[in-house]
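What follows is a short report on a single structure.
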Amino acid sequence: MKQHAIIELPAGQRTDGSTVMEKVAIRRLADGRVEMLHSPGFVKGAARGDTLKFTKEGFEVEERAGLVAIQIYLRDDIEKIEPKLSAEIKTMDGCRDICTERMLVYSVPVEAGFAAIEGVMKEVAEQYAQLQWFYGNVYDEQGEPMNWWMNEK
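Position one of the sequence shown corresponds to residue 14 (the numbering used here), numbered consecutively onward.
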């Protein structure tokens, strides 16, 4: 039986060393694993549709859904960039997962290509100097490509 829930996953460390947690929507699977229902805003390493198992350190992705998580932060003007950006993401068969006053998160099929994603993001970033964006599940903690998409081809 599949069951929806909200759980907390580790999203980083505070300056005092304590762990920052993010609430994420999941579907509990019969075998004890969980499926991400949305790409997270701060948690690194996972995206919408990925299947996770819990570990002492937090979680491990057991199965990738083939989606790239894009995390976008902007102090002001999210409402100005969201319609155009969402339309551009939709042309890549992507979808918006989170929209708050200061953050947007999208999931885009890896088949769309990193060049296409980066082209869209570069165009938006050129218009808004304070905009910061990151791939949520492309680089590991050392900044090295995770290369999970190499298995998607």
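The beta carbon of each residue, even a glycine, is placed where N, CA and C say it ideally should be.
Note that the structure is a prediction, hence the values are computed from the model and not measured.
For Lys57, the closest C-alpha among the options Val118, Ser31, Glu139 is that of Val118. In the three-state reduction of the DSSP assignment, Lys103 falls in the helix class, which pools H, G and I. Burial is judged here by how many other beta carbons sit within 10 angstroms of a residue's own beta carbon; Val81 has at least 16 and is buried. The beta carbons of Ala38 and Ala60 sit no closer together than 8 Å. A straight line joining the alpha-carbon of Leu22 with that of Tyr152 spans about 18 Å. Unbroken alpha helix (DSSP H) stretches of 4 residues or longer found wholly inside the segment 84-165: 91-104, 127-140, given in chain order. CA-CA distance, Phe72 to Gly25, rounds to 13 Å.
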